[in-house]
Structure formats: C-alpha cells, structure tokens
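The block underneath contains the structure these notes are about, expressed in structure tokens.
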Amino acid sequence: AEARHPKLKLAFGFNHRFHAGIQEAHRIAQGGRLGDLLWIRGIYGKSNVGAAWRADKSLAGGGILLDQGVHMLDLVRMFMGDPVEVKSMVTAAHWQVGVEDNAFALLRNAQGQIAQVHSSSTQWKHRFSFEVYLSKGYLSVDGILTSSRSYGDETLTIARKGTADAAGSQPPDEETVYFDEDPSWAAELEAFLRAIHNDTPVQSGNSEQALRAMEL
C-alpha cells in the first residue's frame, strides 16, 4: 500500500525511540566515547495482561511479546542493527488466555554482538530496563515514564568502567540523569509532521523498521 502511494507518508507507533532516556543513551552510544558495543539486555514486564483486547488473539494478534516486547525488539534494532540469529522460548504458564505471557530471546547480529530480551506479563511489579554495555562503560535506562507512572521514574545511568590492576577492578564512575517529563508522544508526532511538510523519509517508525520488528 505504501509503494502504491509514494506521495503519502506512513509511520508506525514506536514512541519508545523518542523517550528522553533512550534518545540520550543512543546519542552517547553512537558518539563512541564509551567505546564499542558489546551486548544489550532488555527487560519489559508488567503484572497482568491488561485490557481484555490484549488477551484476545483475534484482536491483538499475540500476547506480551507483541504487546510490549515489540518495542524492546525495536530498541535492540535501533542500537544494534538487525540480528541474523535468534534463539527463543515462549510460555503461556500462568494467565491461560491463549496468548504468550512470557517470551525469552537471545539475538545476535553479524558483528557477534548479542542482545538478551525478556518480555513478561508475570512481572509482579512493573519494570522497564534497557542496558547497553560497551567496551569502556555502560548505559542503563531504568523505568519509563507513562501517564500512570506505573513503571516509576525514568533514569539514565552513564558509567565509565574503572581500571583493572593486580588487586582487582575499581568500581565504575557513574552519573544518573532523571527525566521528569515524557516528550515521546509529541516528539514522535512532530517528527512525522516534519516528514510530511518537508517531504522527507520517515526516520523513526518507518515501515521497514516495523516489518523487521514483526519478523523478529
């Protein structure tokens, strides 16, 4: 449909890309000051299946992996590029509603960098954690701002690893940044409007990114 209408713009709702903590972490990771990417670990969990439609496969298409985990997969692609190898296990161990309640995955790209992802609806306390480990330190986004604030505060920890000697490793130097507002919805909409007004390609949330996340 997009190819048949080249003058129109199509974007998909991957607003997690526009959260302030994720944006800053990506800027630092891409800047190279913390070295080369080694691995990523992502956890996205909540304590239930939420609204009834989320547990109805005919409406939602899938369970917690498609509902929330797709955002974590999109973030992995944003930081690491496309995986070429995936190993995973999925369970429907608790809610018994016909869709998955937990998904565990290991993803490796062509450069050998690995991401570990867990998407869960039996995380009895809501949790969002996205850790990016690099050769000179790490970045950790913990919590993600929502209207209900059920995932707590959104913070970004920026750490440079300590030096290692015969006596062992020194602890890393850490700085934590707190984010008080969620600009993601407005920023996502503004980016889409710019693409329309300037007739430029959609950069974040385009059909290629959405397709690759769904394929994963």
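Sequential numbering of the sequence shown, starting at 110, is according to this note's numbering. No residue lacks a Cβ here, since even glycine has one placed at the ideal position from N, Cα and C. This one's a predicted model, so the numbers in the text were calculated from it and none came from an experiment.
- A direct Cα-to-Cα measurement between D165 and I173 gives close to 11 Å.
- Shown here for E283: same chain residues with a beta carbon closer than 8 Å to its own, the five before and five after excluded, namely T266, I267 and A268 in chain order.
- Beyond the five residues adjoining it in sequence on each side, I137 comes within less than 7 Å, by CB distance, of L143, L248 and I267 in the same chain, given in chain order.
- For the 9 Å CB-CB criterion, L182 and L325 form a contact.
- Beta-bridge pairing by DSSP links Q225 to R150 and L215.
- Following the DSSP letters along the chain, one finds K166 inside the alpha helix (DSSP H) bounded by residues K166 to A169.
- Taking a C-beta distance under 9 Å as the contact criterion, T264 and F288 qualify as a contact pair.
- Uninterrupted beta strand (DSSP E) stretches at least 3 residues long and entirely within the region 238–293 occur at 246–251, 263–269 and 282–288, given in chain order.
- Three or more Cβ pairs closer than 8 Å define a contact, and the region 195–208 meets that threshold against the region 148–166.
- Among the bridge pairs identified by DSSP, V199 is matched with A212.
- In this structure, the CA atom of G190 is about 24 Å from the CA atom of A112.
- In this structure, G130 sits near I253, with a CB-CB distance shorter than 9 Å.
- Per the DSSP secondary-structure output, P192 pairs in a beta bridge with N218.
- With a cutoff of 9 Å on beta-carbon distance, R126 and S228 are scored as not near each other.
- For E317, the enclosing alpha helix (DSSP H) starts and ends at S316 to E324.
- In the displayed model, R303 falls within a helix according to three-state DSSP.
- Within its own chain, the residues whose Cβ lies closer than 6 Å to the Cβ of A201, once the five positions on either side in sequence are excluded, are E209 and D210, listed in chain order.
- In this structure, T285 sits away from Q279, with a CB-CB distance that is not shorter than 9 Å.
- Bounds of the alpha helix (DSSP H) holding G140 are A129 to G140.
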